[in-house]
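Okay, so here's the structure we're looking at.
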């Protein structure tokens with residue numbers, strides 16, 4: 029189990045560093061005069077941007093699996109570059125056309141002023157998609173070579189640059205959109221340069237080359253289902269926001285959900301690293317792997333509960349991040365529900381790991397689609413019954429992931445019994 033821990037903990041810290049940048053964004057916006065509005069606008073903008081950027085979340089797994097020979101590496105990289113360019117196009121269309129503006133306004137049910145603010149974010153965010161794809165690709169190569177310590181160190185640099193950019197931009201009195209997106213873009217650029225340097229200096233390909241006859245068709249068959257998983261994950265929040273935006277005190281509720289969901293993502297992303305775990309170590313020794321996952325899951329949940337039920341939440345959200353009280357109180361309600369999320373995510377990722385190692389990712393896509401359908405159905409029903417609020421929305425999100433986990437389990441068990 030020691031080798032698993034040595035591999036896993038740098039990835040967990042990496043996930044922490046990546047998601048902490050979002051906490052810095054929320055903390056920065058909380059210091060602006062119209063803090064509730066600023067956080068709500070960011071929530072809506074990043075939910076829209078995330079629909080396409082989320083397609084790329086599994087690029088690291090793709091390069092880990094397939095870039096194991098010179099041909100596999102070159103074809104995988106070209107595939108990722110082409111896919112990320114194509115994915116940028118719809119976002120550019122939404123950001124730069126009147127139809128895109130009307131679509132954003134119709135989906136979220138917001139007024140012209142808020143819509144204009146959301147669109148402004150999307151204009152700045154669209155080019156970041158391609159650079160994120162490059163980051164994920166080279167990160168997957170370093171993980172493949174078990175250089176997870178270097179991955180963590182580079183993500184700490186990324187986090188530091190983003191934090192410095194946010195502080196500097198706010199201090200100079202720049203507009204929120206320039207501060208938030210500018211800091212992220214600077215961090216992404218520096219992170220990418222470091223990853224490329226590590227690829228040249230540190231990376232060593234597998235001793236035994238694999239996938240020397242890799243085709244773009246095979247890459248597409250692998251990538252489309254897992255990218256669908258990312259899209260469906262990103263859609264989950266906008267579906268909830270679209271209905272919550274039509275409830276009383278909508279902006280406060282959306283801001284509260286943004287703060288709580290983002291904070292819970294610190295723990296959720298640590299749980300998501302088990303996908304790399306199975307790709308790297310395979311499907312043998314399952315009993316020990318499951319025990320390791322249970323131990324880690326209990327630890328993550330314990331840390332989350334510690335935040336939720338102790339004065340730590342007030343120290344971080346009120347004193348450190350200066351989240352407005354109206355938002356903070358509702359966020360605490362949400363985070364209590366979200367303490368269930370790490371267990372659900374780890375259970376789901378146990379089966380996702382099997383499906384990716386065996387390159388049978390269709391089951392992941394089906395589960396993700398059914399998750400969103402379930403979330404939409406439950407949210408619509410609760411809205412019609414006037415039950416929908418920030419707490420109910422949180423329970424619906426959890427229920428959606430339970431549906432996805434059940435489908436992933438079924439997909440694995442249909443192929444063969446799981447130990």
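Numbering (our numbering), first residue to last: 29 to 447. Just so it is clear, CB atoms sit at the ideal spot from N, CA and C, and this is done for glycine as well. Keep in mind the model is a prediction, meaning the values are calculated, not measured.
With a threshold of 6 angstroms on Cβ separation, who are the neighbours of residue i within its own chain once the five nearest residues in sequence on each side are excluded?
i, result
"residue 149", "73, 205"
"residue 446", "Any reading at residue 446 is ruled out, since the residue's pLDDT is 48, under 50, leaving its predicted position unreliable."
"residue 266", "75"
"residue 332", "295, 367"
"residue 253", "389, 390, 392, 393"
Are the beta-carbon atoms belonging to residue i and residue j less than 8 angstroms from one another?
i, j, result
"residue 300", "residue 363", "no"
"residue 416", "residue 272", "yes"
"residue 330", "residue 242", "no"
"residue 191", "residue 210", "no"
"residue 104", "residue 212", "no"
"residue 282", "residue 111", "no"
"residue 133", "residue 143", "yes"
"residue 96", "residue 250", "no"
"residue 268", "residue 279", "no"
"residue 84", "residue 152", "no"
Ignore the nearest five residues each way along the sequence and tell me which others in residue i's own chain have a CB closer than 8 angstroms to its CB.
i, result
"residue 448", "Examination of residue 448 is not possible in this model, given that the chain is present from 29 through 447 alone."
"residue 207", "56, 193, 194, 197, 198"
"residue 423", "365"
Does residue i come out as helix, strand or coil in the three-state DSSP assignment?
i, result
"residue 59", "coil"
"residue 38", "helix"
"residue 384", "helix"
"residue 113", "helix"
"residue 238", "coil"
"residue 231", "coil"
"residue 410", "helix"
"residue 447", "Only weak support is given to the placement of residue 447: the predicted model assigns it a pLDDT of 49, under 50, and the value that follows is read from those uncertain coordinates. Looking at residue 447 - three-state DSSP - the assignment turns out to be coil, as it is neither helix nor strand."
"residue 451", "What is shown of the chain runs 29 to 447, which leaves residue 451 out entirely."
"residue 415", "coil"
"residue 95", "coil"
"residue 275", "coil"
"residue 202", "coil"
"residue 389", "coil"
Going by alpha carbons, who is nearest to residue i out of the options?
i, options, result
"residue 64", "431, 350, 393", "350"
"residue 420", "130, 75, 404", "404"
"residue 262", "195, 325, 245, 397", "397"
"residue 313", "151, 333, 382", "382"
"residue 107", "291, 246, 237, 229", "246"
"residue 277", "185, 311, 354", "354"
"residue 61", "51, 36, 198, 160", "198"
"residue 202", "59, 129, 322, 240", "59"
"residue 315", "400, 240, 341, 378", "378"
"residue 425", "436, 414, 408", "408"
In the DSSP assignment, find the unbroken alpha helix (DSSP H) run with residue i in it and report its ends.
i, result
"residue 83", "Unbroken run through residue 83: none, as it is neither H nor E."
"residue 345", "Neither: residue 345 is in no alpha helix (DSSP H) and is coded neither H nor E."
"residue 334", "314 to 337"
"residue 199", "176 to 199"
Within the same chain, show all residues whose beta-carbon is closer than 7 angstroms to that of residue i, passing over the 5 residues directly before and after it, in chain order.
i, result
"residue 82", "258, 259, 261, 262"
"residue 220", "159, 162, 163"
Establish whether the CB of residue i and some CB of chain B are separated by less than 8 angstroms.
i, result
"residue 395", "The question asks about chain B, but that chain is absent: this structure has only one protein chain."
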